[in-house]
Amino acid sequence: MHKLREPAVAGMFYPDDPATLRRQIQALLTEAEAAATGPAPKAIIAPHAGYVYSGPVAASVYGRLAPARDRIRRVVLLGPSHRVPFHGLAAPSNEAFRTPLGDVPLDTEAIAGLSGFPQVQVRDDAHAWEHSLEVQLPFLQTVLGEFKLIPLVVGDAGYAEVREVLDHLWGGDETLIVISSDLSHYHDYDTARALDRATSVAIEALAPERIDYDHACGRTPVGGLLLAARARGLHAHTLDLRNSGDTAGPRNQVVGYGAYAID
């Protein structure tokens, strides 16, 4: 077991210099501050591309966590696997995840408690190069105080399998659920806007069955969250919906990004 999971995409998806990274995140949060009103959500969905592309969208939902900075002590973070194919959900054996901003301790006791779920396995290979979880960590380190992390990479799994794990980890006000997902990939600008709007309507309706296979790369963890939220009578709100053509890229082939709060 390696005690630390070292950062895999620092210097690519986001700056590897701590001071530069802090400045960038603070600038993104300041720009999104107009949306930071009301109580902090129980769960959020945030995108996971390079910060130049999806950072402004992610900041719009991370800014909402400010009121809970000193209350949230545990973060359950799920994102899709981009590199390693496997069934179920992958937990790490590490004790901490490192970023340029420092080390995030894992809730090793809670992770060990998942061993009874047949869909959960310990697979450090699924975490080693996965960016969908890593890019969320500097935002969390900036907007929250001290917290422990339960990171799970989601492979080939059903919505109900994800929901079962989320129900187990749901906790109270001290626990934040974070789902990492981009939306549609590599359509032209207008097509992407239409597809992503439809996905946002499905998310707001807590209706994962209406999210098509290729319309959200994190559809499986998103779907599990929506089922859990529906059972609890919660509501989902779209805070930001843009794509790479709006932020930092050309418009002939874009990737969609949405930010959502569930409360």
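Take the sequence shown: its position 38, counting from 1, is numbered 780 in the working numbering, and each next residue is one higher.
The beta carbon of each residue, even a glycine, is placed where N, CA and C say it ideally should be.
Count the CB pairs spanning the region 804-811 and the region 847-864 that are closer than 8 Å, and state whether there are at least three. no
Could you tell me the boundaries of the beta strand (DSSP E) in which glutamine 863 lies? 862-864
Is aspartate 867 helix, strand or coil when you go by DSSP? helix
Are there three or more Cβ pairs, one per stretch, closer than 8 Å when the region 788-798 is compared with the region 909-925? yes
Just to confirm, is the Cβ distance from asparagine 985 to aspartate 938 under 8 Å? yes
Is it true that the CB of threonine 980 sits closer than 8 Å to the CB of serine 926? no
So, for arginine 961: in the same chain, excluding its five sequence neighbours on each side, which residues have a beta-carbon less than 6 Å away from its beta-carbon? Ile953
Tell me arginine 747's beta-bridge partners as DSSP assigns them. Phe839
Name the DSSP beta bridge partners of isoleucine 919, please? Ala785 and Val818
Using the three-state DSSP reduction, which class does tyrosine 795 fall into: helix, strand or coil? helix
Tell me, to the nearest whole angstrom, how far the beta carbon of proline 798 is from that of alanine 774; I am working on the premise that it is less than 8 Å. 7 Å
Leaving out the 5 sequence neighbours to the left and right, which residues in its chain are closer than 6 Å to arginine 815 when beta-carbon positions are compared? Phe889 and Glu916
Pop quiz: proline 842 and proline 760 are said to be a contact at Cβ under 8 Å. What is the actual Cβ separation, rounded to whole angstroms? 5 Å
Out of curiosity, what's the CA-to-CA distance linking alanine 990 and tyrosine 999? 12 Å
My understanding is that proline 893 touches proline 834, with C-beta atoms under 8 Å, so please give their C-beta distance in whole angstroms. 6 Å
Taking alanine 750 and histidine 873 to be in contact with their CB atoms under 8 Å, please state how far apart those CB atoms are, rounded to whole angstroms. 7 Å
In terms of residue numbering, what span does the beta strand (DSSP E) encompassing aspartate 949 cover? Here the sequence assigns alanine to residue 949, which means aspartate is not the residue at that position. Note, alanine 949: premise wrong, no beta strand (DSSP E); not H, not E.
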